[in-house]
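Asker:
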Amino acid sequence: MPHAALLGDSIFDNGAYTKGGPSVIEQLREKLPPGWRATLAAQDGATTANVAAQLAKLSGDVDRLALSVGGNDALGHAEILDRPVSNSAQALQLIGNAVSGFEAAYRAALRACLEVDPRMAVCTIYWGNFDPEFARVTRIAIAPFNDAIIRAAVEFGLTVVELRLVCDAPADYANPIEPSSQGGAKISAALLRAMTDDVGRSARIIG
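Basically the numbering used here = 1-based index in the sequence shown + 27.
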């Protein structure tokens, strides 16, 4: 029977933020069809650089994967938002350079995952729950990172779980950047669709 594994960061490994409520992996296990298993390999704080180590720890019978990584990579470049520039072109170049490095690292992690599951699902980076003024800035800054994720997914014919649509309410967040139990319920429902719908090798977006 299928054995699914969740790779990446605290989008999946959110148990520390649910205040006793069920985590993403717990909610996914409740939703999966009889006979399915699900393993949590994701770790809070992980970046694209950690995905290979997570893969290496999986048992050999894992055959379905979901990957949610990139938010911490983007956070690692947060200082760009405060860096002084003399014109808008310089600001765009700073973001472009950050995204270029991220895309190379993301694609390397993705290719390793595809050796295990060529039908895997990937998640975009959601917007979080920031105050309105800061939210406008972060949404613009995150967009190029998500563009890199979506382009890679389309290239390989993968399912994209569009977390910007899935987690669309303040109560979906336990704090500005972590999913609450309510948000985890929405994420697990989207993962269920992504991992169990048999649509073959065709890129699609779930939101």
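Here a beta-carbon is modelled for each residue, glycine too, at the ideal position from N, C-alpha and C.
(1) Just to check my reading of the structure: A73 and G35 have Cβ atoms closer than 8 Å, yes? What is that Cβ distance to the nearest angstrom?
(2) Go through its chain and collect everything with a Cβ distance to P29's Cβ below 7 Å, but skip five positions before and after it.
(3) Looking only at C-alpha atoms, which of R191, A216 and V143 sits nearest to G87?
(4) Is the CB-CB distance between Q60 and G211 below 8 Å?
(5) Among the residues of its own chain, which have a CB less than 8 Å from the CB of D100, if the five just before and after it don't count?
(6) Would you report the Cα separation of N156 and Q209, rounded to the nearest angstrom?
(7) Can you look up T151 in the DSSP assignment and give me helix, strand or coil?
(8) Give the secondary structure of R110 by DSSP, where H, G and I count as helix, E and B as strand, and everything else as coil.
(9) In three-state DSSP terms, what is V78?
(10) Would V164 be called buried (16 or more neighbouring beta carbons within 10 Å of its own) or exposed?
(11) Determine the closest residue to G97 out of L192, V181 and I177, with distance taken between C-alpha atoms.
(12) Which same chain residues end up closer than 7 Å to D205 when comparing Cβ atoms and leaving out the 5 residues on each side of it in sequence?
(13) According to DSSP, is T66 part of a helix, a strand, or is it coil?
(14) Based on the DSSP output, what are the partners of Y200 in its beta bridges?
(15) Give every residue of the same chain whose Cβ lies closer than 7 Å to the Cβ of T236, excluding the five residues on either side of it in the sequence, and list them in chain order.
(16) Name, in chain order, the residues that DSSP records as bridge partners for H30.
(17) Cα separation between Q120 and R166?
(18) Would you mind sorting A116 into buried or exposed? The rule is 16 or more other CB atoms within 10 Å of its CB.
(19) Tell me whether S115 sits in a helix, a strand or coil according to DSSP, three-state version.
Answerer: Inspection of the coordinates gives the following:
(1) About 6 Å separates the two Cβ atoms, so the contact holds.
(2) Cβ-Cβ distances below 7 Å link P29 to W63, D90 and R91 in the same chain, with the five nearest sequence neighbours on each side left out; the list follows chain order.
(3) Nearest to G87 by C-alpha distance, out of R191, A216 and V143, is V143.
(4) Correcting the residue type first, residue 60 is Pro in the shown sequence and not Gln. Cβ atoms of P60 and G211: not closer than 8 Å.
(5) Hits under 8 Å: T74, T75, F129, A132, Y133 and F172.
(6) Whole-angstrom Cα-Cα distance: 14 Å.
(7) The three-state reading of DSSP puts T151 in coil, since its state is none of H, G, I, E or B.
(8) Reduced to three states, the DSSP call for R110 is coil.
(9) Note: V78 maps to helix in three-state DSSP.
(10) It is exposed - the Cβ of V164 has fewer than 16 other Cβ atoms within 10 Å.
(11) Taking G97 as reference, the option from L192, V181 and I177 with the minimal CA-CA separation is I177.
(12) Note that residue 205 is Glu in the sequence shown here, rather than Asp. Closer than 7 Å at Cβ, skipping near neighbours: S37, N41 and Y44.
(13) Strand at T66.
(14) Per the DSSP secondary-structure output, Y200 pairs in a beta bridge with P206.
(15) Outside the displayed span of the chain (28 to 234) sits residue 236, for which this structure offers no information.
(16) In DSSP, H30 forms a bridge with R64.
(17) Cα to Cα, the separation comes out at about 17 Å.
(18) In the assembly as shown, A116 is an exposed residue. Its beta-carbon has fewer than 16 other beta-carbons within 10 Å.
(19) Helix.
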